[in-house]
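Everything on this sheet refers to the single structure shown next.
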Amino acid sequence: MSGHSNWPEWIYVAVVICLLVYVGAEAWNVERLVEHTPAEAEVIKVTGQQWFWTFEHADGTKEIGELHLKKGKPYKFDITAKDVNHAFNIHDYVILQDAIVGRINTAWFVPDKAGEYTIQCREYCGLLHYNMRGILIVEE
Amino acid sequence: MVLELQKPRPIWQIMFSTHHTDIGLLYTITSIAFFFMGGALALGIRAELFLPGTQIIADSMTFNRMFTVHGTTLIFLFLLPFASGVGNYFVPIMIRYKDMAYPKLNAIAFWMIPPGGALIWLGMADFTWYATPPYSAIRAPGPAADMWIFALKILGVSSVLGAINFIVTILKCKHPDLPLSKIPLLAWSFLTSSMIVLVAIPSFAAALVMLLTDRLGVTGFFDPTKGGDPIAYQHLFWFTFHPEVYVLVIPAIGMMYEIIPRFSRKPIFSHSSGVFAFVVLSIVSFSSWAHHMYATGMSFTEKTVFMIGTLAAVPASGMHVFNFIATMWGGRIKFATPMMWSIGGIALFFSAGAGGVANAAMPFDFITHDSYWVVGHFHLFVMGTIAFGSIGFLYYMFPFITGRMYNETWGKVHFIMAFIGTVMVFFTQHVLGLYGMPRRVYDYMPLPEYIVMNQIASVGAMIIGASMVIWLINMIYSAGKGKEANMDDPWGLGGKYYFPHQAKNPHH
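Put into structure tokens, the structure is as follows:
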């Protein structure tokens, strides 16, 4: 210490900590709301394998590479994988969960706009990882 | 010890030496060689991504091998050995001892790096630098994957040996008149980062052995079909490699602490707050590893805990930035090349940290995770902060090593081009991530925003590449033919500010 005051540094640290507390509290609050899955959400089983996605609706119908959902209805995804790790991602609806062998991860959403959206794999899974895509089709 | 290249010696005298500056020189030159090898792969990757579809790389397997070796090389064969090189040069001088505590162990630690590098480069594994099972355990093609595992094992042991040597040297061999609180911050940075290595590396070392036996088919630690848990690997891996980020960044900050006061012609604003921040960082670095794993299905409570742990590292990092700015404040700053690299590094460190705070917030992480945002974010640390600090420090060491000056103008051109290139590549990649482009992809959808962003990034990468060629020519030419440096004051700062020349360790 060269005899000068360190007060500016501690004030600065206090300001930084206040900002961090704000970010942390806000993130905690938003995540708490986001994770609250509505009870009436329809379950879709999602299975990732090298290098495509399989979807199973609640009534037992299966789709490969394409997923047809109805606009305005809540859906819950039960996500798992068959061979290696993948990550199920619908970027436009901020759905992202790893698909892990032997585990079921969940995510939910309500499609609010009709149209086609890209489903992709976000976790490296080998040769054709870059091309492991599907289409989400939201119908009226 | 100075004038390594002015008094020519046969190369075997340097290679078989155990003197700390010779080992430092070997570390430095080896790491720079790997920097250019890893950087060449990066240019290949960026050229491939300039447009959607196949450009210069024939198939995705080659591409996957390239980015795996790129990451592994630049972390384990450039950043870590370069820091060790700097530590070998300066730590014994700064604590006023004749050499490292264990000179032979030091030589062994260095000579483990070339075989490790050879295994990585001859194997060309494809499972990314974090080798996550089950892919790495059941699908990744051998022998590349097994060679990578052995390479990382060797490099891990080398790190631990180096860390033990630094800790013993600093704690046990420092001059009795020199209290620990008064040793320069560069030496403090090696003390704290070596402590992290000792605590962090063992969990990955264990994971590597388990991964190897899984690959051999005798165990199923990470193979769910045999009752194993792939998430366990991720915990073991990140318990090592999140602290490892601080192992890389702390010495780089130490290097900036060496450069900034001298070129500002002012003492450090607060030596004690620098020490405090190093120690705090080395502790909180262990509280945040699972923020890499929010999307693996962690519970809300786990995520909250690791978010708090991650945010806890920010005030200490901020203290370093504050210390740098307060040191420069009111100083007579000389914008020589090492100073420009340090200031650029601090600016990018701040940007990377701001991105990191956003990333740590749980809901936002689900937008950015495993997207190009993450690539841009951590490259702002490893390239923008750590490599910038390291390159600046190499310019700073240059007269000390060679007795000659580098070309100042080309040094500044190198910095300006590299800074512009770094901003073009890695800031753009943040935006790409927000658009949802996944990382580690050989090809991408031909959306106009993807194409534009990738092209900006690729052009930026080529600018960085060109600047590094300028650097290489400048270094090689100046080492032989540069004008002789005034060893008392190479930058004309007013003599007493150039630390390295004040103490010399004769060869013994």
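These protein sequence lines are chains A and B, in that order.
Here my numbering is used: the first residue of the first sequence is 574, the next is one more, and so on.
Here my numbering is used: the first residue of the second sequence is 95, the next is one more, and so on.
All C-beta atoms, glycine included, are put in the ideal place defined by N, C-alpha and C.
Self-check item: Residue range of the beta strand (DSSP E) that includes H641/A
Solution: 639 to 643
Keeping to the same chain, check which residues put their C-beta closer than 8 Å to that of Y697/A; ignore five residues upstream and five downstream. none
List the residues of chain A that I402/B touches, going by C-beta distances under 7 Å, in chain order.
G597
- Item | Assigned secondary structure, R706/A (DSSP; H/G/I helix, E/B strand, else coil) | strand
Span of the beta strand (DSSP E) around Q670/A | 668 to 672
Three-way DSSP call (helix, strand, coil) for Y585/A in this model
helix
Nearest candidate by alpha-carbon position, reference T462/B, set D220/B, V251/B, H385/B: H385/B
Check whether the Cβ atoms of V596/A and A294/B sit closer than 8 Å, and answer yes or no.
no
Within 7 Å of chain A by C-beta, residues of the region 514 to 537 of chain B in sequence order: G530, P532, R534, V535, Y536, D537
Proximity winner among A281/B, M477/B, T286/B, Y388/B, relative to W332/B (alpha-carbon distances)
Y388/B
> Taking any Cβ of chain B, which residues in the region 670 to 699 of chain A have a Cβ under 9 Å from it, in chain order?
Replying inline: Q670, D671, I673, V674, G675, R676, I677, N678, T679, A680, T691, Q693, C694, R695, E696, Y697, C698, G699
(request) Following the continuous alpha helix (DSSP H) through F513/B, name the residue where it begins and the one where it ends. (result) 502 to 516
Which of helix, strand or coil DSSP assigns to V72/B: Nothing in the structure corresponds to residue 72/B, since chain B is present only between 95 and 602.
Review point. Are there 16 or more other CB atoms within 10 angstroms of the CB of M574/A, so buried, or fewer, so exposed?
Key: For M574/A, the predicted model reports a pLDDT of 43, less than 50, meaning its position is unreliable; a value from the coordinates is still stated below. Classification for M574/A: exposed.
Checklist line | Own chain residues within Cβ distance below 7 Å of E338/B, not counting five before or after | finding: A294
message = When you compare the CB positions of A560/B and R140/B, do they come within less than 8 Å of one another, or not?
response = no
(request) With a threshold of 7 Å, establish whether the CB of A234/B neighbours any heavy atom of the ligand MN. (result) What this structure holds is no ligand at all, so the ligand MN is not there to describe.
Are the C-beta of I545/B and some C-beta of chain A separated by less than 8 Å? no
- Check each candidate in F429/B, G424/B, G478/B and name the one with the smallest Cα separation from S445/B. G478/B
Could you tell me whether any Cβ in chain A is nearer than 8 Å to the Cβ of R233/B? yes
Margin query: Determine, for Q630/A, whether the minimum Cβ-Cβ distance to residues of chain B falls below 8 Å.
Written below: Note that residue 630/A corresponds to His in the displayed sequence, not to Gln. Closer than 8 Å: no.
I need the straight-line Cα distance from Y690/A to V373/B, nearest angstrom please. 48 Å
* Element boundaries [alpha helix (DSSP H), containing W467/B] -> 466 to 473
According to DSSP, is Y595/A helix, strand or coil?
helix
Cβ contact check for the region 259 to 267 of chain B and the region 163 to 175 of chain B: 3 or more pairs under 8 Å:
no
Q. Do M188/B and P278/B have their CB atoms nearer than 8 Å?
A. yes
Fill in: Start-end ranges of the alpha helix (DSSP H) lying completely within the region 539 to 588 of chain B, minimum 4 residues
542 to 575
Requested in this report: Return the chain-ordered list of same chain residues with a C-beta closer than 8 Å to the C-beta of L530/A, the five sequence neighbours on each side being excluded.
Outcome: Absent from the model: residue 530/A. The displayed extent of chain A is 574 to 713, so no value can be given.
Contact residues within the region 202 to 229 of chain B, judged by C-beta distance below 7 Å to chain A
T222, T226, P228, Y229
* To do: State the Cα-Cα distance for the pair H601/B and G217/B, rounded to the nearest angstrom.
  => Low local confidence applies: a pLDDT of 49 at H601/B is under 50, so the model's placement there is unreliable, and no value is given.
Could you check which residue in L274/B, F363/B, D220/B, S111/B has the C-alpha nearest to that of I202/B?
S111/B
Q) For P324/B and chain A, any beta-carbon pair shorter than 8 Å? A) yes
**Prompt:** Given K618/A, which residues of its chain have a CB within under 6 Å of its CB, disregarding the five upstream and five downstream residues?
**Reply:** E629, D651
Based on Cα-Cα distance, which residue from Y489/B, F443/B, F400/B lies nearest to H473/B?
-> F443/B
Chain A beta carbons: is any one of them nearer than 8 Å to that of D464/B?
yes
For chain B, check one thing: does any of its Cβ atoms lie closer than 8 Å to the Cβ of L593/A? yes
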